[in-house]
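**Q** In my numbering, the protein residues as written are 2 to 115.
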Amino acid sequence: MSAHARLYELTIVCPRPRRTAPDDWHIQPERIASTLAAFFADAELTLTPRTARLHVRWAGQLGDLTEKQRRMATVLSCLRFDIARDHTGDLLPVPVRTKIREVIPTHTTEETTR
2 MSAHARLYEL
12 TIVCPRPRRT
22 APDDWHIQPE
32 RIASTLAAFF
42 ADAELTLTPR
52 TARLHVRWAG
62 QLGDLTEKQR
72 RMATVLSCLR
82 FDIARDHTGD
92 LLPVPVRTKI
102 REVIPTHTTE
112 ETTR
């Protein structure tokens with residue numbers, strides 16, 4: 002990573018979709034982690050009875066936030082939640098709240114005394 006790379010944190014929150022699986026096998030922590038890893042390098046997905054919350058961290062370009070929302074929708078679909086689709090891909094249930102934050106890394110320098 003270059004010294005000038007921008008760091009971002011993105012949080013996407015939407016209503017928790019209805020499950021399509023007959024059991025909880027698809028939403029076990031290991032299954033969630035492996036599915037997330039296929040779509041995001043550094044992410045956490047939190048499911049409550051009412052919401053789905055994705056928190057993603059990355060370095061580089063900001064990129065297309067709509068594409069990241071669609072990837073979250075695809076993750077939820079892989080976890081056997083009922084996700085709508087259109088001609089461009091998977092869609093999150095509305096309303097969707099998105100929060101982006103640029104993180105400024107702190108650098109520490111050491112002084113050497115001779």
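Ideal Cβ positions, reconstructed from N, Cα and C, are used throughout, including at glycine.
1) Where do the N-terminal and C-terminal ends of the alpha helix (DSSP H) with leucine 80 fall, by residue?
2) Of all the options Leu93, Ala85, Leu80, which has the alpha carbon lying nearest to the alpha carbon of alanine 38?
3) Does the beta-carbon distance from leucine 93 to glutamine 62 come in below 8 Å?
4) What's the gap between the Cα of valine 95 and the Cα of isoleucine 84?
5) Quickly, what does DSSP pair aspartate 87 with across the bridge? List them, please.
6) Taking 8 Å as the cut-off, decide whether the C-beta atoms of arginine 17 and threonine 47 are in contact.
**A** Let's see:
1) No alpha helix (DSSP H) contains leucine 80, which DSSP labels as neither H nor E.
2) Leu80
3) no
4) 11 Å
5) Gly90
6) no
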